[in-house]
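Have a look at the structure below, then the notes.
In this note's numbering, the protein residues as written are 342 to 487.
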């Protein structure tokens with residue numbers, strides 16, 4: 342019975358991650374890790390590791406599709422990537438200092454807040470609107486992750 346539950350939870354987490362990545366450009370880890378922690382009782386570090394591994398593949402597939410349709414801003418993406426890499430190192434170091442239960446609770450709460458943010462203020466920017474924004478503002482938004 343346990344393995345059937347695991348398969349169902351993993352399938353639903355994968356579907357949610359794929360839809361979230363494809364439609365909203367969000368991280369697959371925002372869906373997968375809380376589901377694995379909450380419904381399967383998986384250790385937080387293991388759940389985050391699995392989620393981030395799947396995030397690489399999901400993001401690569403989305404980036405390919407967006408790039409193919411000429412909806413990818415490489416310049417701002419590289420700036421954002423640098424900020425993400427630095428903050429990932431900082432966040433990983435901080436997470437290594439936390440107990441597993443704190444890490445798991447933090448993951449679930451942040452996912453809830455991310456969901457509320459997407460409901461309250463969905464991403465509705467078009468390519469034309471972004472081209473109307475100055476380069477300096479776009480760089481700042483990329484680094485601050487707005």
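In this text, a Cβ means the ideal position worked out from N, Cα and C, and glycines have one as well.
From the DSSP output, in three-state form, read off residue i for me.
i	result
residue 474	coil
residue 395	helix
residue 375	helix
residue 433	helix
residue 382	coil
residue 468	helix
residue 303	Given a span of 342 to 487 for the chain in the structure shown, any question on residue 303 remains unanswerable.
residue 346	helix
residue 417	helix
residue 426	helix
residue 411	coil
Measuring alpha carbon to alpha carbon, tell me which residue in the options is nearest residue i.
i	options	result
residue 508	345, 353 and 361	In this structure the chain extends from 342 to 487, so residue 508 is not present and cannot be described.
residue 420	430, 470 and 477	477
residue 456	350, 436 and 365	365
residue 374	463, 452 and 473	452
residue 416	472, 347, 466 and 349	472
residue 411	449, 469, 422 and 347	469
Residue i and residue j: beta carbons closer than 7 Å?
i	j	result
residue 378	residue 392	no
residue 354	residue 376	yes
residue 358	residue 372	yes
residue 405	residue 413	no
residue 444	residue 436	yes
Tell me where the alpha helix (DSSP H) around residue i begins and ends.
i	result
residue 458	441-461
residue 362	Taken as a continuous stretch (DSSP letters only), residue 362 belongs to no alpha helix (DSSP H), as it is neither H nor E.
Would you kindly work out how many angstroms separate the C-alpha atoms of residue i and residue j, rounded to a whole number?
i	j	result
residue 484	residue 352	33 Å
residue 442	residue 381	14 Å
residue 396	residue 475	30 Å
residue 403	residue 356	14 Å
residue 384	residue 369	18 Å
residue 480	residue 386	32 Å
residue 363	residue 409	14 Å
residue 343	residue 390	21 Å
residue 482	residue 439	30 Å
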